[in-house]
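Novice:
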Amino acid sequence: MFDLVSDVDFVEMVPNKSVLAPKETHSTDSNGRYQDLTSIHALDISTARSDDFYATVSGSGNGKAKRKRVISTVQRRAANVRERKRMFSLNEAFERLRGKVPTFAYEKRLSRIETLRLAIIYIAFMTDMLENN
DNA sequence: TAGGCCATCTGGTCCT
DNA sequence: AGGACCAGATGGCCTA
2 MFDLVSDVDF VEMVPNKSVL APKETHSTDS NGRYQDLTSI HALDISTARS DDFYATVSGS
62 GNGKAKRKRV ISTVQRRAAN VRERKRMFSL NEAFERLRGK VPTFAYEKRL SRIETLRLAI
122 IYIAFMTDML ENN
């Protein structure tokens with residue numbers, strides 16, 4: 002079950018893609034998306050009024066109107082930037098975990114799901130070692 | 001070409 | 001009120 006651990010190799014896995022950093026340039030997407038999303042500092046949220054962020058939605062049967070949060074384009078872009086940063090830090094954590102999980106040196110870079118599964122196996126193995134020694 | 005993986009966007013919900 | 005978190009959708013890239 003733990004055969005791969007016999008060839009323990011804490012090789013630093015080099016990412017084969019430069020996908021670990023948020024996009025720093027404007028997109029060339031044919032749909033024109035990702036434009037001006039580089040820096041949160043470039044976003045001007047000051048012009049948006051809080052009233053702009055809510056819309057009345059017809060109720061779901063009980064006649065009561067719901068207040069749905071509707072954000073402006075500027076706020077949506079800011080949220081997108083935050084989400085990219087969040088995913089970036091998540092990927093950094095995955096990268097650190099890859100560095101701790103033993104793999105064969107010639108193996109290709111572990112995917113995120115592979116990293117998690119292997120980490121589970123590795124932790125179980127180490128726990129077993131501790132408990133039986 | 002299909003399938004896997006990933007980045008990104010987006011809207012909903014939770015939390016501070 | 002607004003940021004963090006999450007999951008679904010979408011599209012691009014890569015490999016078998």
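The first sequence begins at 2 in the working numbering and counts up by one.
For every residue, glycine included, the Cβ atom is placed at its ideal position computed from N, Cα and C.
Keep in mind that this is a model prediction, so the values were computed, not measured.
Given a cut-off of 9 Å on the beta-carbon distance, is the pair residue 116 and residue 131 in contact?
Specialist: No.
Novice: Roughly how many angstroms separate the alpha carbons of residue 137 and residue 84, rounded to a whole number?
Specialist: As displayed, the chain neither begins before 2 nor continues past 134, which places residue 137 out of reach and without an answer.
Novice: Rounding to the nearest angstrom, what Cα-Cα distance links residue 88 and residue 94 in this structure?
Specialist: Whole-angstrom Cα-Cα distance: 10 Å.
Novice: If you check the beta carbons only, do residue 104 and residue 91 fall under 9 Å apart?
Specialist: No, the Cβ-Cβ distance between residue 104 and residue 91 is not below 9 Å.
Novice: Note down the Cα distance separating residue 133 from residue 126, rounded to an integer number of angstroms.
Specialist: The straight-line gap from Cα to Cα measures roughly 11 Å.
Novice: Could you spell out the range, first to last residue, of the alpha helix (DSSP H) harbouring residue 86?
Specialist: First-last of the alpha helix (DSSP H) with residue 86: 74-101.
Novice: Taking buried to mean at least 16 other C-beta atoms within 10 Å of its own C-beta, is residue 71 buried or exposed?
Specialist: Answer is exposed; the Cβ neighbour count stays below 16.
Novice: In angstroms with no decimal places, state the Cα-to-Cα distance between residue 101 and residue 124.
Specialist: Residue 101 and residue 124: Cα-Cα distance of roughly 11 Å.
Novice: Who are the Cβ neighbours of residue 80 in its own chain at under 8 Å, not counting the five residues just before and after it?
Specialist: Contacts found: 72.
Novice: Put residue 119 into one of helix, strand or coil per three-state DSSP.
Specialist: In this structure, residue 119 counts as helix in the three-state DSSP scheme.
Novice: Closer than 8 Å: is that where the CB of residue 76 sits relative to any heavy atom of the ligand SAM?
Specialist: Ligands are entirely absent from the displayed structure, and the ligand SAM is therefore not among its contents.
Novice: Does residue 105 come out as helix, strand or coil in the three-state DSSP assignment?
Specialist: Residue 105: coil per DSSP, three-state reduction.
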